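Undergrad: Using this note's numbering, the final residue of the sequence shown is 1312, and nothing's skipped along the way.
Let me give you the structure first, and then I'll get to my questions.
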Amino acid sequence: MNENTNTIIMNCDEKGAISKAAVILRKGGLVAFPTETVYGLGADALNPEASNKIYAAKGRPSDNPLIVHIADTYAVYKLASHVPKKAVMLMEAFWPGPLTIILPKKDIVPSETTGGLDTVAIRMPSHPAALDMIRQSELYIAAPSANISGRPSPTTADHVISDMEGRVDMILDGGAVGIGIESTIVDMTGDVPVILRPGFITKAMLENIVGAVTVDKGLTDNIPNIKPKAPGMKYTHYAPKGKLTIVEISDDTGAFSYITRLSVAKKINDLISEKKQQGFKTAVIASSKNAHLYNCENILIAGEAENGETIAAKLYGVLRECDDIGADYIYSEAFNHGKLGDAIMNRLLKAAGQRVIKV
Ligand code: AMP
Ligand code: MG
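Written out as structure tokens, the structure is:
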């Protein structure tokens, strides 16, 4: 798609907005829409040309498959050639919601949608506008995050407009999303489910329903020659334009104690003053409680360290702010505590190109 498409922007609640989106999708067009995780960039999943338009609009590598969004459980049986019992149990427990399931694909799913794989990723979102749009279109909707490839996923309509205006046919504005990080992806093609991307649905929540679950070895940093099983996880995602470094405490006990917080702040303040002297623009990503500890012109508050849901909701917005500010060097605290710690740090570490300083 060229960059001169006339993009229609409508609020989800506006009369006729969802039906207009459905008509565009049926014609093979592109619609960005809100989900409970991040904004998606949707197209007819069974139409190879429509899928190709998604890759073109995002600048996404063609080997990085798309998640197919559905609005009714029976759709799984139209798309997947085998649906094991454990997959059904997870669907029952977590759909509609932020869980994507990988299953062997049926022939009707084109290889353009699955990046050439013989499996398909399927999710039923819980956002009412997303469900309504999928139902009205009577299609299955392939939808990656609605950002330019490599940029942080969009969590507000403004983020989508800044990346996608002129590249897509329509943007549905549903305000800020609820969760803020992408769905958990679980591979259900083997006997034991494997987490390919951590998210809001944690390992413990999955194990509570189906017993043992493992985590893709390729997700663990720095194991040579082991590639992540989800092709998208190998790319540097979410990265702001400036150089981001995470500063964290080496001994994690008492992570929230004043002395620990002070030693992280001291290190970050030292780094900032060094960069400032060299004439660079700096920014800090901090939890609300620590913001006052920093001596920096740009202190971006990610949320409350003790409450991962607040961090997840704001993280991508804060990474985009670093670009708006034009920060050359960005230093972030680690947010590795609580149930969302793994999911948040997976994204933050990628944004930082795995750069971590321990104090
Ligand atoms: P996004 O929609 O931007 O959140 O990206 C979708 C993620 O799902 C990417 O990391 C893809 O590599 C991954 N994915 C989609 N389909 C499959 C599949 N069949 N097998 C493994 N990973 C997949
Ligand atoms: Mg994405």
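The beta-carbon is built from N, C-alpha and C at its ideal position, and this holds for glycine as well.
Given the structure is predicted, the values throughout are model-derived calculations rather than measurements.
(1) Spatial neighbours of Gly1131 within its chain, please: C-beta separation below 6 Å, excluding the five flanking residues on both sides.
(2) Expressed to the nearest angstrom, what Euclidean distance is found between the alpha-carbon atoms of Asn1005 and Met1186?
(3) Any chance you could list the alpha helix (DSSP H) runs of at least 4 consecutive residues sitting entirely within the region 1148-1208, in chain order?
(4) Beta carbon of Pro1078: closer than 7 Å to some heavy atom of ligand 3?
(5) On the premise that Ile1055 lies in contact with Asp1140, defined as a C-beta separation below 8 Å, what is that separation, rounded to the nearest angstrom?
(6) Enumerate in chain order the residues of its own chain whose CB-to-CB distance from Arg979 is below 8 Å, with the five nearest sequence positions on each side excluded.
(7) To which residues does DSSP link Gly995 through a beta bridge?
(8) Per DSSP, what kind of secondary structure is Lys1058 in: helix, strand or coil?
(9) When the Cα atoms are used, what is the spatial distance from Val1041 to Trp1048?
(10) Using the C-alpha atoms, what's the distance from Thr1198 back to Ile1101?
(11) Under the rule that 16 or more other beta-carbon atoms within 10 Å means buried, what is Asp1204, buried or exposed?
(12) Just reading off the alpha helix (DSSP H) that Ser1034 is part of, what are its end residues?
(13) Provide the residue span of the alpha helix (DSSP H) that contains Lys1311, from first to last.
(14) Taking buried to mean at least 16 other C-beta atoms within 10 Å of its own C-beta, is Leu1301 buried or exposed?
(15) Starting from the C-beta of His1387, find all residues in its chain whose C-beta is less than 8 Å away, skip the five residues before and the five after it, and write them out in chain order.
(16) Enumerate, from N- to C-terminal direction, the unbroken beta strand (DSSP E) stretches of 3 or more residues contained entirely within the region 1209-1285.
(17) Could you say if the region 1234-1247 and the region 1277-1297 meet the contact criterion of at least three C-beta pairs nearer than 8 Å?
(18) Between which two residues does the beta strand (DSSP E) holding Asn964 run?
(19) Among all the DSSP beta bridges, which residues are the ones paired with Ala1074?
(20) Determine the burial state of Asp1144: buried for a count of at least 16 other Cβ atoms within 10 Å of its Cβ, exposed for fewer.
(21) Tell me the residue span of the alpha helix (DSSP H) that contains Met1086.
(22) Between the beta-carbon of Ala1095 and the beta-carbon of Gly995, is there less than 8 Å?
(23) For the alpha helix (DSSP H) holding Met1123, just list the boundary residues, first then last.
(24) Under a Cβ-count criterion, where at least 16 other Cβ atoms within 10 Å of its own Cβ denotes burial, should Phe1153 be classed as buried or exposed?
(25) Which value, in whole angstroms, describes the spacing of the CA atoms of His1290 and Ala1258?
(26) Where Ile1315 and Ile1264 are concerned, what is the direct C-alpha to C-alpha distance, given to the nearest angstrom?
(27) With respect to 7 Å, is the separation between the Cβ of Pro1184 and the closest non-hydrogen atom of ligand 1 below this value?
(28) Let me confirm a value: Asn955 is counted as buried when at least 16 other C-beta atoms fall within 10 Å, else exposed. Which label applies?
(29) In chain order, what residues of the same chain have a beta carbon less than 6 Å from the beta carbon of Ala1192, not counting five sequence neighbours either side?
(30) Using beta-carbon positions only, say whether Val1029 and Met1044 come within less than 8 Å of one another.
(31) For Leu1032, which option in Ile1310, Pro1181, Cys1249 and Ser1064 has the closest C-alpha, if you only look at C-alpha atoms?
(32) With a CB to CB cut of under 6 Å and the five nearest residues on each side skipped, what residues in its chain are close to Val1168?
(33) Would you say Val1113 and Pro1105 are within 8 Å of each other, going by their C-beta atoms?
(34) Exposed or buried, what is Asn957 when buried is set at 16 or more other beta-carbons lying within 10 Å of its beta-carbon?
(35) May I have all residues whose beta carbon comes closer than 6 Å to any heavy atom of ligand 2, sorted in chain order?
TA: Once the coordinates are examined:
(1) Start at 1 with the first residue of the sequence shown, and residue 1131 comes out as number 178. Hits under 6 Å: Glu989.
(2) Locating residue 1005 in the sequence shown gives position 52, counting from the first residue. Locating residue 1186 in the sequence shown gives position 233, counting from the first residue. Going from the Cα of Asn1005 to the Cα of Met1186 covers about 20 Å.
(3) 1156-1163
(4) Although ligand 3 was asked about, the structure shown includes only ligand 1 and ligand 2 as ligands.
(5) Start at 1 with the first residue of the sequence shown, and residue 1140 comes out as number 187. Start at 1 with the first residue of the sequence shown, and residue 1055 comes out as number 102. Contact flag correct, Cβ pair sits at about 4 Å.
(6) Indexing the sequence shown from 1 puts residue 979 at position 26. Hits under 8 Å: Asp997, Ser1090, Glu1091 and Leu1092.
(7) Translated into positions along the sequence shown, residue 995 becomes position 42. BP columns for Gly995 point to Val984.
(8) Within the sequence shown, the letter at position 105 stands for residue 1058. Lys1058: strand per DSSP, three-state reduction.
(9) Within the sequence shown, residue 1041 is the residue found at index 88, counting from 1. Within the sequence shown, residue 1048 is the residue found at index 95, counting from 1. Whole-angstrom Cα-Cα distance: 10 Å.
(10) Numbered from its first residue, the sequence shown carries residue 1101 at position 148. Numbered from its first residue, the sequence shown carries residue 1198 at position 245. Computed Cα separation, rounded: 22 Å.
(11) Walking along the sequence shown from the start, residue 1204 turns up at place 251. Under this definition Asp1204 is an exposed residue.
(12) Locating residue 1034 in the sequence shown gives position 81, counting from the first residue. Here Ser1034 belongs to no alpha helix (DSSP H), and DSSP marks it neither H nor E.
(13) Residue mapping note: residue 1311 aligns to position 358 of the sequence shown, counting from 1. From DSSP, Lys1311 is part of no alpha helix (DSSP H) but of the beta strand (DSSP E) over Val1309 to Lys1311.
(14) Counting from 1 along the sequence shown, the entry for residue 1301 is found at position 348. Result: buried.
(15) A query on residue 1387 cannot be resolved here, the shown segment of the chain reaching from 954 to 1312 and no further.
(16) 1235-1240 and 1252-1256
(17) yes
(18) Within the sequence shown, numbered from 1, the residue matching residue 964 stands at position 11. Per DSSP, Asn964 belongs to the beta strand (DSSP E) from Ile961 to Asn964.
(19) Position 121 of the sequence shown holds residue 1074. In the DSSP output, where bridge partners are listed per residue, Ala1074 has Ile1020 and Ile1055.
(20) Your numbering for residue 1144 matches position 191 in the sequence shown. By the 10 Å Cβ count, Asp1144 comes out exposed.
(21) Here residue 1086 corresponds to residue number 133 of the sequence shown, with the count starting at 1. Segment Pro1081 to Ser1090, the alpha helix (DSSP H) holding Met1086.
(22) By 1-based counting over the sequence shown, the position of residue 1095 is 142. By 1-based counting over the sequence shown, the position of residue 995 is 42. Contact: yes.
(23) By 1-based counting over the sequence shown, the position of residue 1123 is 170. No alpha helix (DSSP H) contains Met1123, which is instead part of the beta strand (DSSP E) from Met1123 to Asp1126.
(24) Stepping through the sequence shown from its first residue, residue 1153 is reached at position 200. Under this definition Phe1153 is a buried residue.
(25) Locating residue 1290 in the sequence shown gives position 337, counting from the first residue. Locating residue 1258 in the sequence shown gives position 305, counting from the first residue. Straight-line Cα distance between these residues: approximately 7 Å.
(26) The structure shown does not extend to residue 1315, since the chain is modelled only from 954 to 1312, so the question has no answer here.
(27) On the sequence shown, position 231 is the one that residue 1184 refers to. Indeed, a heavy atom of ligand 1 lies less than 7 Å from the Cβ.
(28) Here the question's residue 955 lines up with position 2 in the sequence shown. With a pLDDT of 49 at Asn955, under the threshold of 50, the modelled position of that residue is not reliable, and the figure given next carries that caveat. Exposed, by the Cβ-count rule.
(29) Here the question's residue 1192 lines up with position 239 in the sequence shown. These residues qualify, in order along the chain: Ala1304.
(30) Within the sequence shown, residue 1029 is the residue found at index 76, counting from 1. Within the sequence shown, residue 1044 is the residue found at index 91, counting from 1. Yes, they are a contact pair.
(31) For the purposes of this step, residue 1032 is taken as the residue at position 79 of the sequence shown. If we check each option's Cα against that of Leu1032, Ser1064 comes out closest.
(32) Counting from one through the sequence shown, the residue named residue 1168 turns up at place 215. Contacts found: Ile1148.
(33) Walking along the sequence shown from the start, residue 1113 turns up at place 160. Walking along the sequence shown from the start, residue 1105 turns up at place 152. No, these two residues do not count as a Cβ contact at 8 Å.
(34) The count along the sequence shown starts at 1 and reaches residue 957 at position 4. Exposed, since its Cβ has fewer than 16 Cβ neighbours within 10 Å.
(35) Pro1097, Ser1098 and Ser1106
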